[in-house]
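In this note's numbering, the protein residues as written are 2 to 130. Heads up, the thing below is written out as structure tokens.
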Amino acid sequence: MSKIIDIEDRLKLEQKKKAKVEKAKKIEAVRKILQCTRCLARCLKCGVQFETHEMYKRYKGPFRFCSSCQEEYDEFMLIKKHGGESPYYWHNRAWLRMWETWLEYQQALKEYGESPEFITLVREVEWDT
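Next comes the structure, spelled out in structure tokens:
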């Protein structure tokens, strides 16, 4: 009789394993959105890591950019606001579209982070830990 496996215990163990995996997936989803995509130590556009003194600097506008990306963003916004062309030949239509797409992506991230479903996920993760 000692070799008989209790099926109920085995099923409970399997359910616990599945729940652990599911919880890990939820935590990773939350971490990616809240931590990785909004990392204060890196440029939001190119990902370059800021120097320590730059991390605490106040930034104009809605995004934390390195100086290079900030300059490009300012140029993009100037062109969008006033029209005309950039003095840089590489700031072509594809460059404009790249910035437009990047801004749309940032808006999509914001909307997802504010969605009721994502907020529910965050609460689940907070309460389970």
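Glycine residues also receive a C-beta, built at the ideal position from the N, C-alpha and C atoms. This one's a predicted model, so the numbers in the text were calculated from it and none came from an experiment.
Straight across, the Cα-Cα distance linking Lys27 with Leu97 is about 35 Å. With contacts defined by Cβ atoms closer than 8 Å, Lys61 and Trp103 do not form a contacting pair. For Arg43, the pairing in a beta bridge is given by DSSP as Gln50. Counting along the chain, the unbroken alpha helix (DSSP H) around His83 starts and ends at 68 to 83. Here Ala30 is not near Leu110, since their CB atoms are 8 Å or more apart. Within a 10 Å sphere around the beta-carbon of Arg11 sit fewer than 16 other beta-carbons, which makes this residue exposed.
When rounded, the separation of the alpha-carbon atoms in Ala20 and His92 is 50 Å.
Non-local beta-carbon contacts of Cys70 in its own chain, meaning distances under 6 Å to residues more than five positions away in sequence, involve Cys44, Lys46, Cys47 in chain order.
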